[in-house]
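Chains P and L are the protein sequences, given in the same order. For the record, in the first sequence the residue sitting at position 212 is 212 according to the numbering used here, with numbers rising by one throughout. In short: position in the second sequence from 1, add 1000, done, that's the numbering used here. Single-structure report; data block below.
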Amino acid sequence: MIIRIFTFILTLLLFAGLTYTVLSLPKQTKGLGETVSLQMHNSGVSNPVTAVLMNFRAYDTLLEMGVLFIALLGVYSLSTSQKEKKPLLQSSVLKRLGGILVPLLLLLSAYLLWIGAHAPGGAFQAGSIVSATGILIFLSGWKLDLSARHFFVRLLIGTSLLVFLLISAVTLFLSHTLLEFPPSYASAFIFLLEAAATVSIGVTLFHLFLSIFSQPKEEH
Amino acid sequence: METLAVEKLFFDILLAASLLFIAYKTLTCKDLFQAIVFFIVFGLLISVAWGRLGAYDVAMAEVVIGAGLTGALLLSALVKLKKMNID
């Protein structure tokens, strides 16, 4: 009972604090929208979100890729050898549906990656659809070994970090500033980065899912 | 035009109310499987809310990751828990 009252008071304080913060926000904030729209012609893309994520603040995206990579390493260090071979769900409907959905999902992911330059979309959305496709393949029990024992799969996981570092080095040579793209090459650089990020995000998120299943059953 | 604004307001209020309700159900639900399903529904609804705010990028990411991937992860964790007989 005392704990409940204590929690209630804490929640009430948090609520009061948040309400105060919201009410004390300045009425007119200019934000950075104007700055972004002034620089859009230099960014190589026409979607402001992609311009910010992949060009103006590409450094943050580089670090995000690093975070994803390290998170997966952490999960790997906890999981043990990958044993489970048999499909989890024995459903012929799922199998048939998978055959139709997998190509469609891959197409959708490629579309989202491409359209990210002009409209909402981009690497993260496309990558998560890739990982959903991987989960579908895994659950419907296709004979497709996607575990990280293969060098190729590991390479895919590291792709985006490698490409990011490579492009960082190239931009350092071209414009003497890290990840500052020259306007004429910006769209090519951004597409390269986004394509690599899509692959890596897709495989990484899929492997987060896979590593839960891969532990041996008779643990205790 | 007037009626459209009223309809939008009604829709937004309905959306906000159902979000709060689903959030409450997710937290208080006794059955873990039900809680996960509520969580997925919450993810779907909140992506509609992002869409209403005009943030289509976030809405898309939320639908795939918040509802899809996290749901799948939670469900697989639940299967794992049941296999290990931990409640």
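Ideal Cβ placement from N, Cα and C applies to all residues, glycine included.
By the neighbour-count criterion, in which a residue is buried when 16 or more other Cβ atoms sit within 10 angstroms of its Cβ, residue 53 of chain P is buried.
Runs of the alpha helix (DSSP H) lying entirely within the stretch 162-216 of chain P, each at least 4 residues long, are 186-213 in chain order.
Between the C-alpha atoms of residue 1007 of chain L and residue 1013 of chain L there is a straight-line separation of about 10 angstroms. If you look at residue 117 of chain P, you'll find it isn't in any alpha helix (DSSP H); DSSP assigns it neither H nor E. Rounded to the nearest angstrom, the Cβ distance from residue 79 of chain P to residue 211 of chain P is 4 angstroms, consistent with a contact under 8 angstroms. Taking C-beta atoms as the reference points, residue 125 of chain P and residue 112 of chain P count as a pair closer than 7 angstroms. Cβ neighbours of residue 1025 of chain L within its own chain (closer than 7 angstroms, five residues either side excluded): 1038. Shown here, residue 77 of chain P sits in a helix according to DSSP, grouped into three states. Of the residues assessed, residue 37 of chain P falls on the exposed side of the cut-off, its CB having fewer than 16 other CB atoms within 10 angstroms. Look at residue 1030 of chain L here: in three-state DSSP terms it is coil, with no helix or strand label. Chain-ordered, the chain P residues with CB closer than 7 angstroms to the CB of residue 1056 of chain L read 120. A buried status is given to residue 109 of chain P, since no fewer than 16 other beta-carbon atoms sit within 10 Å of its beta-carbon. Looking only at P/142, P/121, P/171 and P/33, the smallest Cα-Cα distance to residue 188 of chain P is reached by P/171.
Look at the stretch 120-136 of chain P: the residues with a C-beta under 8 angstroms from a C-beta of chain L are 120, 121, 122, 124, 125, 128, 129, 131, 132 and 135. Residue contact with chain L for residue 212 of chain P: present (Cβ-Cβ distance below 7 angstroms to some residue of chain L).
Contact of residue 209 of chain P with chain L is assigned, a C-beta pair being separated by under 7 angstroms. Nearest in C-alpha terms to residue 1040 of chain L, of all of L/1074, L/1009 and L/1052, is L/1074. Residue contact with chain P for residue 1043 of chain L: absent (no Cβ-Cβ distance below 7 angstroms to any residue of chain P). If you compare the alpha carbons of P/150, P/75 and P/91 with that of residue 213 of chain P, the shortest gap goes to P/75. Here the alpha carbon of residue 183 of chain P sits roughly 5 angstroms from the alpha carbon of residue 42 of chain P. Put simply, of P/179, P/160, P/178 and P/146 the residue whose alpha carbon is nearest the alpha carbon of residue 195 of chain P is P/160.
The continuous alpha helix (DSSP H) containing residue 48 of chain P extends over residues 48-51.
Taking each of L/1011, L/1082 and L/1050 in turn and checking the Cα distance to residue 120 of chain P, the smallest one comes out for L/1050. If the five residues before and after residue 1044 of chain L are omitted, its C-beta is found closer than 7 angstroms to the C-beta atoms of 1063 and 1067, all from its own chain and listed in chain order. Secondary structure at residue 1051 of chain L: helix, using DSSP grouped into helix, strand and coil. Nearest C-alpha to residue 1009 of chain L among L/1065, L/1061 and L/1052: L/1052. Nearest CB-CB separation between residue 1069 of chain L and chain P: below the 7 angstroms threshold. By the Cβ neighbour-count rule, residue 1085 of chain L is exposed, with fewer than 16 other Cβ atoms within 10 Å of its own. Residues of the stretch 191-210 of chain P with a C-beta less than 8 angstroms from any C-beta of chain L: 205, 208 and 209, listed in chain order.
The Cβ neighbour count for residue 13 of chain P, taken over all protein chains shown within 10 Å, is under 16; the residue is labelled exposed. At a Cβ-Cβ threshold of 7 angstroms, residue 23 of chain P and residue 164 of chain P do not count as neighbours.
Where residue 2 of chain P is concerned, the enclosing alpha helix (DSSP H) starts and stops at 2-23.
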